[in-house]
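Structure, as structure tokens:
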């Protein structure tokens, strides 16, 4: 686990109550609770102002576009207030997550992570997009401009940080796989085989606990980001189908495409990383099954061997609404494809 990357995450996150101020913080102070309460009130006022200012635009849209736009705004608001409202749970979750990763992989692993680059690019594109939209919507937009920027960047922070933590989790599971392949499997005939397996099993249970804390911290943010990204994509596809005869590329179009591209890159990368972690665990389980078979042949197999380990397969979920794995990619693409087919049928008719 890269301690510099962890430090960068907390340095950025603590400024906007998106993370604790340090990995050792277990309970937020009264001052942070007060700041969080004020922040939620300001976000709520700004969200209502945005809704009132955009009511005429909502009424001019089709029912489908209006539904997607309202879902996007609601998800954006929920993502903005989620971290301040759930501060106690997230702070404690971060404490246990970092502690678990440190116990398995340590803090000095020489591995580079992409947090700074991803977050900088996604934040820049977000600000650029809203500046372009501000030119279009006029002066009223700037009353709730900071809210839109902060809410969108809370989504960006959650996605980029989630990807970074998943890279760390993948590294830890990969390290455990190397241990069982190189240190334990080669000594299956040794008398100390069970003494070697005991700390290894503890490491897997620690990582399973880390995955649970990962879901608690990032699950809702992943769900909100999927809602926002898919709805924005469908809105843009709908707009593209309706205006295909007089389509013109502009700065606004480029900013929208850039934000959608970043979303899909992060979303797909996060899903692939989740699947890679699952694959590492399956590889570990395959090696343990070989060890079990050899112990059985030698008559040294203890009752209940592997029973508990088979039950701690990592499960990544978006707020426990659905699991995140490789099939999630096809579910998202199928939804977009089905919507596009329906749109084209309506357009032809």
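Numbering (the numbering used here), first residue to last: 503 to 851.
Idealized CB from N, CA, C, for every residue including glycine.
Looking at C-beta atoms only, is the number of pairs between the segment 620 to 629 and the segment 547 to 556 that lie closer than 8 angstroms three or more?
-> no
Could you have a look at residue 521 and say whether DSSP puts it in helix, strand or coil?
-> Looking up residue 521 in the chain shown gives position 19. In the structure shown, residue 521 sits in coil (DSSP, three-state: anything other than H, G, I, E or B).
Go ahead and pull the three-state DSSP assignment for residue 624.
-> Within the chain shown, residue 624 is the residue found at index 122, counting from 1. Helix.
For residue 662, the nearest candidate out of 816, 817, 510 (CA to CA) = The residue given as residue 662 occupies position 160 in the chain shown. The option with the nearest alpha carbon to residue 662 is 510.
Between the segment 590 to 599 and the segment 513 to 531, are three or more C-beta pairs nearer than 8 angstroms?
-> yes
Take the Cβ of residue 669 as the centre, count every other Cβ of all protein chains shown within 10 Å, and call the residue buried at 16 or more, exposed below.
-> One-based indexing of the chain shown puts residue 669 at position 167. Buried.
Burial state of residue 679, where buried means 16 or more other Cβ atoms lie within 10 Å | Indexing the chain shown from 1 puts residue 679 at position 177. Label assigned to residue 679: buried.
Residues that residue 825 bridges to, as DSSP identifies them | Taking the chain shown and counting its residues from 1, the one referred to as residue 825 is at position 323. DSSP lists 819 as partners of residue 825.
Helix, strand or coil: how does DSSP classify residue 794 here?
-> Along the chain shown, one-based indexing puts residue 794 at 292. Here residue 794 sits in helix by DSSP.
Which of helix, strand or coil DSSP assigns to residue 705 | Translated into positions along the chain shown, residue 705 becomes position 203. Three-state DSSP puts residue 705 in a helix.
Does the pairing of the segment 721 to 731 with the segment 817 to 836 give three or more beta-carbon distances under 8 angstroms?
-> yes
By a C-beta neighbour count over all protein chains shown, 10 Å radius and 16 as the cutoff for buried, is residue 801 buried or exposed?
-> As a first step, residue 801 is located in the chain shown; it is residue number 299 there, counting from the start. By the neighbour-count rule (16 or more Cβ atoms within 10 Å), residue 801 is not buried but exposed.
Quick one: grab the DSSP three-state call for residue 563.
-> Translated into positions along the chain shown, residue 563 becomes position 61. Three-state DSSP puts residue 563 in coil, outside helix and strand.
With a CB to CB cut of under 8 angstroms and the five nearest residues on each side skipped, what residues in its chain are close to residue 687?
-> Mapped onto the chain shown, residue 687 falls at position 185. For residue 687, where only same-chain residues beyond five positions count, the Cβ hits under 8 angstroms are 789, 792, 793.
Coil, strand or helix - residue 808 by DSSP = Taking the first residue of the chain shown as 1, we reach residue 808 at position 306. Of the three classes helix, strand and coil, the one that applies to residue 808 here is coil, per DSSP.
Range covered by the alpha helix (DSSP H) that runs through residue 530 = As a first step, residue 530 must be located in the chain shown, where it is residue number 28. Per DSSP, residue 530 belongs to no alpha helix (DSSP H) and is neither H nor E.
Inter-stretch contact at 8 angstroms, needing at least 3 Cβ pairs: the segment 698 to 718 / the segment 649 to 656 | no
Can you say whether residue 835 is buried or exposed, counting buried as having 16 or more other CB atoms within 10 angstroms of its CB?
-> Here residue 835 is taken as the residue at index 333 of the chain shown, counted from 1. Exposed, by the Cβ-count rule.
Nearest-angstrom Cα separation, counted from residue 505 out to residue 787 = Counted from its first residue, the chain shown places residue 787 at position 285. Counted from its first residue, the chain shown places residue 505 at position 3. Cα to Cα, residue 787 sits roughly 29 angstroms from residue 505.
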